[in-house]
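Asker:
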Amino acid sequence: MIEVNSVSYTQDKEALGIQDNFIHESTKWSILSSKALERGEKVKFNNISCIVTGINIEVYKEEIRTIYMLEIKRGVKTAYKTNSKIAGMGLPAIVKDVQGNRMHVHFKIDKEDESCSNEKFFTYAIESSAWYCMPEAGSEVCFENEAVAIKSQ
């Protein structure tokens, strides 16, 4: 972790709607530094672990200087974004193992079927309350939303 020191910095707190005991998490600093940092990089500023959340480069009295925005990681707020190009897309998969209403699958987008120690089991969505049949190993299922398998074939 890079240690950053700056004589010139400003401090800001965005505490709107945040309880008092979490106000320190919403503290931000704008620092002037000659060190080359990247966005998302972990740094230590005034003995506080932070990440670089923004970079501004400006000219001041014929000098190019870099101003970095630092925040405590738990206090970083981001906007939720979705990829509209893949809306409605489904991921086809082959069932490898079934346990109850959960299954382990191999996604067809992966070239090889690799096994690892932390393989995840996915829930199978029951499409009808009257009658359903769990897919067996080798069956094809599709994942369309919320990582729940549907439409066994």
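Numbering follows numbering that gives the first Met the number 0, with no gaps: position 58 of the sequence shown is 57. Just so it is clear, CB atoms sit at the ideal spot from N, CA and C, and this is done for glycine as well.
Alpha carbon to alpha carbon, how far is Lys119 from Val75? Give it in angstroms, no decimals.
Answerer: Looking at the two C-alpha atoms, the distance is approximately 29 Å.
Asker: What are the residues that DSSP puts in a beta bridge with Ala92?
Answerer: DSSP lists Phe106, Val140 as partners of Ala92.
Asker: Report the three-state DSSP secondary structure of Asn20 (helix, strand or coil).
Answerer: Residue placement at Asn20 is poorly supported in this model, since its pLDDT is 47, which falls under 50; the coordinates are not used for a value here.
Asker: Of the residues Ile30, Tyr123, Tyr59, which one's Cα is nearest the Cα of Gly154?
Answerer: Nothing can be reported for residue 154, as the shown portion of the chain is limited to 0 through 152.
Asker: Can you tell me whether DSSP reads Ile149 as helix, strand or coil?
Answerer: Of the three classes helix, strand and coil, the one that applies to Ile149 here is strand, per DSSP.
Asker: How many whole angstroms separate the CB atoms of Val97 and Ala148, which I take to be in contact at a CB cut-off of 8 Å?
Answerer: Val97 to Ala148, Cβ: 10 Å. No contact.
Asker: What separation, rounded to the nearest whole angstrom, lies between the Cα atoms of Phe142 and Thr77?
Answerer: Roughly 26 Å separates the two Cα atoms.
Asker: Any idea what DSSP makes of Ile71, helix, strand or coil?
Answerer: Looking at Ile71 - three-state DSSP - the assignment turns out to be coil, as it is neither helix nor strand.
Asker: Could you check the C-alpha separation between Lys27 and Ile50 for me, to the nearest Å?
Answerer: About 10 Å.
Asker: Give me the Cα-Cα distance between Leu31 and Tyr79, rounded to the nearest whole angstrom.
Answerer: Approximately 30 Å between the Cα atoms of the pair.
Asker: Within 10 Å of its beta-carbon, does Tyr67 have 16 or more other beta-carbons around it, so buried, or fewer, so exposed?
Answerer: With 16 or more other Cβ atoms within 10 Å, it is buried.
Asker: Taking the beta carbon of Met102 as the centre, do at least 16 other beta carbons fall within 10 Å, making it buried, or is it exposed?
Answerer: It is buried - the Cβ of Met102 has at least 16 other Cβ atoms within 10 Å.
Asker: Relative to the C-alpha of Arg73, which candidate in Thr52, Ser114, Glu61, Ala136 has its C-alpha closest?
Answerer: Considering only alpha carbons, the answer is Thr52.
Asker: To which residues of the same chain is Gly39 closer than 7 Å at the C-beta, ignoring the five residues directly before and after it?
Answerer: The answer, listed in chain order, is Ile50, Val51.
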